[in-house]
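Below: the structure, in structure tokens.
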Amino acid sequence: MNQAYSLFNISDKIATLAETCEQEVENLYQEAEQIALYNQAKVLKAFQENKVSQAHLGQTTGYGYGDIGREAIEKIFASIFHTEDALVRIQFVSGTHTIATVLQAMLLPGDEMLAISGRPYDTLCDVIGLTEKPDPLSLKSYGVSYHQIDLIDKERFDIEKIVEYVKNHTVKMIHIQRSRGYEIRKALYISDIQEVIQAIRQVDPNVIIMVDNCYGEFTETKEPTEVGADIMCGSLIKNMGGGLAHMGGYVVGRSDLVALCANKLTCPGVGREGGATLGQNRNIMQGIFMAPSVVKNAIQAAVLSAAMLEKLGVAIYPAVWDKRSDIVQTIQFPNAEQQIRFVQGIQSASPIDSNVTPYPWDMPGYEDQVIMAAGTFVEGATIELSADGPVREPYTVYIQGGLTYESAKLAICKAIDNMISEE
Ligand SMILES: *Cc1c(COP(=O)(O)O)cnc(C)c1O
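See the structure below:
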């Protein structure tokens, strides 16, 4: 057995389990490698088509007018996602801010938003106004109406209901969330998204179809904009940043819609022309370059954790052999103690803050206590191995990320060992 296990104080039992599982899922690893190879070619081609040079790795300060590196990055994104245009900015604070910017740019007073993959990601509920006391700046407060159609069995679009609704209402924008986010549901496949978009287009060629692509990028060989989505967005401290981007978000899609988003992010008149890059162009460029491989590492880490935990009788979702369309693995522990020990194990194997022990705490905006492991280089970056969940039945942990497969594997072994060890 490799001495890494003893160096890292991992028991023989768990080391053997890891080796066995790895062999059993070999085909899944190869599939992930094939997808990464294709996406790497897509990324390299985008760099070459847009003639990226050393000059593009520079920076601007102040207003940031005429930043050729930023412009090159936006062309690369448009090439990768097969869209007319892209807006890639460090002025986007987070994924939530990026998505909110898109919603606020598309939806004006009197407009209607239709969510067709169920309730959107938690943090967007404040933006939309799906809370008890909607914020005065929520969409709801300024007169945008909202309707939601849930997935059937938490895994399929309710196409009949969606088509019927779109036929009988004047919907301005349709919202699709590709990843499970922090719900127990399937990540929607590109084929699912293609099918629903085709059905919608037959009854309404004009409705704006928007996709929250967070956690989904490069997990398949196509992206939602290649199957008909008009506008799509995501975070740079998840998949697309490849672990190197320090902050930011992206919007890609139809050029008229991207222009609206630029005006919303800055202001009318400034639009996309301003926005200093403060030395981030190199990280963002190199991050895109790394992203297909990093996403592959994260997928392989998710598969390994699922395979090992399943053998120990812990409930997991998606199943080991399920096709994936995001990097998230859901785990349901039998009790709080195992949940907490697993998360603490992940933290103890991290490169940063390994000496810190996470405990359940009252996180603002959450009803139950939450436990979180995030020993990351970039604060809150969930493309780096991280694990979190609410401490209540069914003791769920969402685990995602892994910059390198080796570091993720060691952390998962450590976490499982910690979970099963006696005090
Ligand atoms: C992470 C995520 C968001 C929000 O991104 P933050 O950067 O955490 O604000 C929104 N939607 C989905 C599906 C996500 O995974």
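Using the working numbering, read the sequence shown as starting at 25 and increasing by one per residue. The beta carbon of each residue, even a glycine, is placed where N, CA and C say it ideally should be.
Asked                                                                                                                                                                                       : Found
Going by Cα to Cα distance, which pick from A398, E391, M387 and D392 is closest to V380?                                                                                                   : A398
Using 7 Å as the limit for Cβ to Cβ distance, is G337 near chain B?                                                                                                                         : Of the chains in the structure shown, none is chain B; there is only one protein chain.
Terminal residues of the continuous beta strand (DSSP E) containing V235?                                                                                                                   : I232 to D236
How should A432 be labelled, buried or exposed, when 16 other C-beta atoms within 10 angstroms of its C-beta is the threshold for buried?                                                   : buried
Would a C-beta distance cut-off of 7 Å place R19 and V344 closer than the cut-off?                                                                                                          : Any answer about residue 19 is impossible in this case: the structure gives the chain only from 25 up to 447.
Straight-line CA distance for Y53 to Q324?                                                                                                                                                  : 6 Å
Output the distance between the C-alpha atoms of K66 and V282, rounded to the nearest integer angstrom.                                                                                     : 22 Å
Taking C-alpha atoms, which residue in E244, E417, V276 and S103 lies nearest to A360?                                                                                                      : E417
For A339 and A439, which I take to be in contact (beta-carbon distance under 8 Å), what is that distance rounded to the nearest angstrom?                                                   : So it is not a contact: roughly 16 Å between Cβ atoms.
From what residue to what residue does the alpha helix (DSSP H) around A60 run?                                                                                                             : E50 to E73
Do the CB positions of M256 and V235 come within less than 7 Å of each other?                                                                                                               : yes
Report the CB separation of S279 from E73 in whole angstroms; it is logged as a contact under 8 Å.                                                                                          : Contact flag wrong, Cβ pair sits at about 18 Å.
For K210, tell me which candidate among D174, M197, A223 and T40 has the shortest Cα-Cα distance.                                                                                           : D174
Tell me whether the beta-carbon of H106 lies closer than 7 Å to the beta-carbon of G93.                                                                                                     : no
Would you mind reading off the limits of the beta strand (DSSP E) that contains A411?                                                                                                       : S410 to P414
Helix, strand or coil, according to DSSP, for E136 in the structure here?                                                                                                                   : strand
Curious, which full-length beta strand (DSSP E) runs of at least 3 residues does the segment 128-196 contain?                                                                               : 136-139 and 169-172
What do you reckon, is the C-beta of G266 under 6 Å from a heavy atom of ligand 1?                                                                                                          : no
Please go through the same chain and pick out, in chain order, the residues whose beta-carbon is closer than 8 Å to the beta-carbon of P133, but skip the five residues on each side of it. : Y166, G167 and V168
Touching or not, the segment 178-195 and the segment 130-150, by the rule of three or more beta carbon pairs under 8 Å?                                                                     : yes
Leaving aside the five residues before and after G266 along the sequence, list all residues of the same chain whose C-beta is less than 6 Å from its C-beta, in chain order.                : G311, M314, A315 and V318
What are the boundary residues of the beta strand (DSSP E) that A339 is part of?                                                                                                            : A339 to Y341
Nearest by alpha-carbon distance to C291: which of G272, Y87, Q83 and D150 is it?                                                                                                           : Y87
How big is the Cα-Cα spacing for S410 and G425?                                                                                                                                             : 6 Å
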